[in-house]
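J.:
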Amino acid sequence: MTQVLSNKTTTPVLIDARGPRFSAVLTTLVLATALISGQSWILLAQGIVFAIGAFRGPQFTPYAFIFRTLVKPRIKDAAKTEDVRPPQFAQSVGLIFAVVGVAGTLVGIPAIFTIATSFALAAAFLNAAFNFCLGCEIYLLLLRIRKA
Amino acid sequence: MKSLIPIAIVAASSTLFGIWYKRSRGEFRAKKSSHGPTLNAQIIGVELGSKATMVQFSSAFCSPCRATKVLLEHMVTTMPEIHYAHIDAESHLELVRELDIRSTPTTLFLNSAGVEVGRAMGTPKREQVLKALEAIV
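As you go down the protein sequences, you meet chains A and B in turn. In this text, residue positions in the first sequence follow this note's numbering: the first is 8, and each later residue adds one. In this text, residue positions in the second sequence follow this note's numbering: the first is 1161, and each later residue adds one.
Here's what the structure looks like:
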């Protein structure tokens, strides 16, 4: 998170905007499976993907690899690019929810797992279905709260 | 298999929210009171337009901010009486609080006196911008 936050004034790295959207679809499916089954190891696995996306960048996750090798060669439209920082921010928020959810299971409070997974799933679904921009909606609010 | 209630709640609430989100982005909302905050060239860093000024607030983790900036910058090139100002929300937090900017991009529409007459959250469509500007006398 701090790494992402400190990286905001440098020249933006641009990636194919459809990559994060595709990743959001996979994330939605994985988190929905985790929520329905109640299996925290699925959330843990998704948390590892979030961690890669948050610290290295969303273009380095296994989902992005699937997009590049299987999906991208099959779409003919020209790629719309996007700054890497907004999806990276979203991955960091996802990571926080995954950590909280897994921790909930470890301390034996399944409600924490359910709530954290639900929030992460809602964000991923909104991103996949409605192109919801999490950074647009919550970053400024977080800053306003933190520096109030 | 555990309970399906949580996933049903998430699916229903986020679908409703998503529909509202999609519809409300870019939409011009007029200020209800006529005494909106007044901005001047010193605050926004650009001279006020003779008819109107659009002031866009952006942040780093915001993809639609870039698209909005491109659209508005391009639109004002053919409208000499409309000016455009771009403000980084993060480095102007006090102003952001004063104007109650909650998300980015948020574009304020100012009249010739610098009074906010309304705002749009998210990337507006070209027609939405034109309509908002037409409403400013």
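We treat Cβ as the ideally placed atom computed from N, Cα and C, and that holds for glycine. On a predicted model such as this, the values are computed, not experimentally measured, just so you know.
(1) Where do the ends of the beta strand (DSSP E) carrying L21/A lie?
(2) If you reduce the DSSP assignment to three classes, tell me which class N1200/B lands in.
(3) Please list, in chain order, all residues of the same chain as Q95/A whose beta carbon is under 7 angstroms from its beta carbon, the five residues on each side excluded.
(4) Mind checking which residues open and close the beta strand (DSSP E) that includes G1278/B?
(5) Threshold first: 3 residues or longer. Then list the beta strand (DSSP E) segments lying entirely within the region 1209 to 1295 of chain B, N to C.
(6) On a Cα-Cα basis, can you pick out the residue from E1241/B, K1229/B, E1287/B, Q1216/B that is closest to H1252/B?
(7) For H1234/B, count neighbouring Cβ atoms within 10 angstroms of its own Cβ and tell me buried if that reaches 16, exposed if not.
(8) Rounded to the nearest angstrom, what separates A1299/B and S1184/B at their Cα positions?
(9) Spell out the partners DSSP gives R1189/B in its beta bridges.
(10) Buried or exposed: L1208/B, going by 16 or more other Cβ atoms within 10 Å of its Cβ?
(11) Measure the C-alpha to C-alpha separation of S125/A and V100/A and round it to an integer number of angstroms.
(12) Report yes if the CB atom of P19/A is closer than 9 angstroms to the CB atom of C1222/B, and no otherwise.
(13) Just the C-alpha distance for K79/A and L33/A, rounded to the nearest angstrom, thanks.
(14) Could you give the distance in angstroms between the alpha-carbon of P1284/B and the alpha-carbon of L1176/B?
(15) Does the beta carbon of D84/A come closer than 9 angstroms to any beta carbon on chain B?
(16) Would you verify that the beta carbon of A1220/B is, or is not, closer than 9 angstroms to some beta carbon of chain A?
(17) Out of I43/A, K83/A, L51/A, L133/A, which has the shortest C-alpha to C-alpha gap to P27/A?
(18) Is any beta-carbon of chain A found at less than 9 angstroms from that of V1256/B?
(19) Could you please tell me which residues of the region 115 to 144 of chain A, in chain order, have their CB closer than 7 angstroms to any CB of chain B?
(20) Check the DSSP bridge columns for E89/A and list the partner residues they point to.
(21) Taking A1280/B as the reference, give the member of T1264/B, I1242/B, A1245/B with the closest Cα.
(22) Run through DSSP, which three-state label would N138/A get?
(23) If you count every other CB in all the chains shown that lies within 10 Å of the CB of I1179/B, and 16 or more means buried, which is it?
(24) If we call anything under 9 angstroms between Cβ atoms a contact, is V1275/B one with A1190/B?
(25) Is the beta carbon of S1219/B less than 9 angstroms from the beta carbon of T1228/B?
(26) Against chain B, which members of the region 54 to 88 of chain A pass a CB distance test of less than 8 angstroms?
(27) Using a beta-carbon distance below 9 angstroms, is F104/A in contact with chain B?
(28) Following the continuous alpha helix (DSSP H) through Q66/A, name the residue where it begins and the one where it ends.
T.: Reading from the atomic positions:
(1) 21 to 23
(2) coil
(3) V11, G60, A61, G64, P65
(4) 1276 to 1281
(5) 1212 to 1218, 1242 to 1248, 1266 to 1271, 1276 to 1281
(6) Q1216/B
(7) exposed
(8) Since the displayed chain B opens at 1161 and closes at 1297, residue 1299/B lies outside it and no answer follows.
(9) R1279/B
(10) buried
(11) 13 angstroms
(12) no
(13) 15 angstroms
(14) 21 angstroms
(15) no
(16) yes
(17) L133/A
(18) yes
(19) T121, S125, L128, A129, F132, L133, A136, F137, F139, C140, G142, C143, E144
(20) I22/A
(21) T1264/B
(22) coil
(23) exposed
(24) no
(25) no
(26) none
(27) no
(28) Run containing Q66/A: none; DSSP gives neither H nor E here.
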